[in-house]
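Per our numbering, the very first residue in the sequence shown carries number 25; after that it's consecutive.
All C-beta atoms, glycine included, are put in the ideal place defined by N, C-alpha and C.
Given the structure is predicted, the values throughout are model-derived calculations rather than measurements.
Heads up, the thing below is written out as structure tokens.
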Amino acid sequence: MAPHVPKLTRNEERERVAPMSKPNAHYAPDIRGNLLLRSLAQSDAWLLIPHLSRLPFGPRESVGRTSCGSVQMIFPETAVFCVRQTLLGDRQPALGLVGHEGVLGWSLLMGVEESFTLATVEMQGGTALSIAAGPLLEACAKSVTLRANLLRYADNFLEQMASMLGSNTIDPLERRVARWILMLHDRSQGDTLLLTHDDVARALHTRRASVTECFHVLEGEKILRCERARVTICDRERLMVLAGFSYGAAEARYAAEIAPWPRELQPPPLSQGQVRFSPPAWLP
Numbered sequence: 025m026a027p028h029v030p031k032l033t034r035n036e037e038r039e040r041v042a043p044m045s046k047p048n049a050h051y052a053p054d055i056r057g058n059l060l061l062r063s064l065a066q067s068d069a070w071l072l073i074p075h076l077s078r079l080p081f082g083p084r085e086s087v088g089r090t091s092c093g094s095v096q097m098i099f100p101e102t103a104v105f106c107v108r109q110t111l112l113g114d115r116q117p118a119l120g121l122v123g124h125e126g127v128l129g130w131s132l133l134m135g136v137e138e139s140f141t142l143a144t145v146e147m148q149g150g151t152a153l154s155i156a157a158g159p160l161l162e163a164c165a166k167s168v169t170l171r172a173n174l175l176r177y178a179d180n181f182l183e184q185m186a187s188m189l190g191s192n193t194i195d196p197l198e199r200r201v202a203r204w205i206l207m208l209h210d211r212s213q214g215d216t217l218l219l220t221h222d223d224v225a226r227a228l229h230t231r232r233a234s235v236t237e238c239f240h241v242l243e244g245e246k247i248l249r250c251e252r253a254r255v256t257i258c259d260r261e262r263l264m265v266l267a268g269f270s271y272g273a274a275e276a277r278y279a280a281e282i283a284p285w286p287r288e289l290q291p292p293p294l295s296q297g298q299v300r301f302s303p304p305a306w307l308p
């Protein structure tokens, strides 16, 4: 069951301003690299800022199996984490992605320390801001709006996970690959993703050969350009059409309830004479 998230009053919503405007902000970490932290009210953000520290994460580095790091909450900046299921041993299919839009370790807010998930760094690695469990829980005890906003993201991640599980159950591989590439693109700085066919196959729990065949088709359609350990998005609009309903619901809800989404979610309107791209015939 999704956690209950209290509604903010209009005054509380109005207070959601960039927290780095407080005097002496240069003595604390800059939080502008994480959209969730930036969305907080100034008073709520400053309950966390003095306790935040910036950590580097290398490619495929893991953040413990307990609550995605049960002794800390992690706000990614340039790092992108794949949350994986660990109950199947070496087979660890992806449950979702957390990047600069979100946070890891939100189960701490529910008093849960043990978890069946593992968060691993995707692509080239990056940085994240970390806060220990003690100061985090003290801050949430002082502010119901801070706790509400963190839980609101937790609810959004659960929706992302539900969408992914549903897609993995009923969608053909091409649609699942399109969705996964879009999710990585949302959390990356440019249009080129540093990942291999093996990375995608492991995340989607499928054969590498099947992923390679899918990439060849998408490259032939000029939607992607694939090089060694690199995938470049050439046409995001067509990739969104290909992903269909498997992508966009959780992202649109994030934009409505938390902060503007970092990438375009809807294909741009057609100009006169243009025709909307349709999914290839090989998709049902």
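Under 8 Å, do residue i and residue j count as touching if we go by C-beta distance?
{"i": "C258", "j": "I247", "result": "yes"}
{"i": "S234", "j": "L197", "result": "yes"}
{"i": "A273", "j": "E125", "result": "no"}
{"i": "P83", "j": "G149", "result": "yes"}
{"i": "R232", "j": "H240", "result": "no"}
{"i": "Y271", "j": "L206", "result": "yes"}
{"i": "F105", "j": "V87", "result": "yes"}
{"i": "P100", "j": "G129", "result": "no"}
{"i": "R252", "j": "E243", "result": "no"}
{"i": "T256", "j": "D223", "result": "no"}
{"i": "L121", "j": "L208", "result": "yes"}
{"i": "N192", "j": "R199", "result": "no"}
{"i": "E245", "j": "R176", "result": "no"}
{"i": "W204", "j": "A225", "result": "no"}
{"i": "E85", "j": "T144", "result": "yes"}
By the three-class DSSP mapping on this structure, what secondary structure does residue i have?
{"i": "V127", "result": "coil"}
{"i": "R56", "result": "coil"}
{"i": "E146", "result": "coil"}
{"i": "L218", "result": "coil"}
{"i": "R252", "result": "coil"}
{"i": "I257", "result": "strand"}
{"i": "I247", "result": "coil"}
{"i": "S187", "result": "helix"}
{"i": "S167", "result": "coil"}
{"i": "A157", "result": "helix"}
{"i": "L71", "result": "helix"}
{"i": "S212", "result": "coil"}
{"i": "T193", "result": "helix"}
{"i": "T236", "result": "helix"}
{"i": "L119", "result": "strand"}
{"i": "R176", "result": "helix"}
{"i": "A152", "result": "strand"}
{"i": "V107", "result": "strand"}
{"i": "I282", "result": "coil"}
{"i": "L76", "result": "coil"}
{"i": "V87", "result": "strand"}
I'd like the list of long-range same chain contacts for residue i, defined as Cβ closer than 7 Å, with 5 residues on each side in sequence excluded.
{"i": "Y51", "result": "For Y51, the pLDDT reaches just 49, beneath the cut-off of 50, and the residue's location in the model is therefore unreliable, leaving the point undetermined."}
{"i": "R78", "result": "P53, T151, L153"}
{"i": "R171", "result": "L133, C164"}
{"i": "L119", "result": "V107, R108, Q109, T141, M185, M188"}
{"i": "D195", "result": "S270"}
{"i": "L263", "result": "A202, I205, L206, I247, I257"}
{"i": "R287", "result": "H209, D210"}
Which residues in the same chain have their Cβ closer than 6 Å to the Cβ of residue i, if we skip the five residues on either side of it in sequence?
{"i": "P80", "result": "T151"}
{"i": "A283", "result": "L59, S63"}
{"i": "A156", "result": "Q96"}
{"i": "T102", "result": "G150, T151"}
{"i": "L289", "result": "G272, E275, A276"}
{"i": "S45", "result": "Legend: pLDDT at S45 = 38, less than 50; position of this residue unreliable, no value from coordinates given."}
{"i": "E146", "result": "V104, C106"}
{"i": "P159", "result": "H75"}
Once the 5 residues before and after residue i are set aside, which same chain residues still bring their CB inside 8 Å of it?
{"i": "R277", "result": "N180, E183"}
{"i": "W285", "result": "E125, D210, E275, A276, Y278, A279"}
{"i": "L61", "result": "P43, I55, A69, L72, F99, L153"}
{"i": "G57", "result": "E101, T102, H124, T151, L153"}
Between residue i and residue j, how many whole angstroms is the CB-CB distance? I'm expecting something under 8 Å.
{"i": "L71", "j": "A163", "result": "4 Å"}
Hey, is residue i close to the ligand PLP, as in C-beta under 7 Å from one of its heavy atoms?
{"i": "A267", "result": "Ligands are entirely absent from the displayed structure, and the ligand PLP is therefore not among its contents."}
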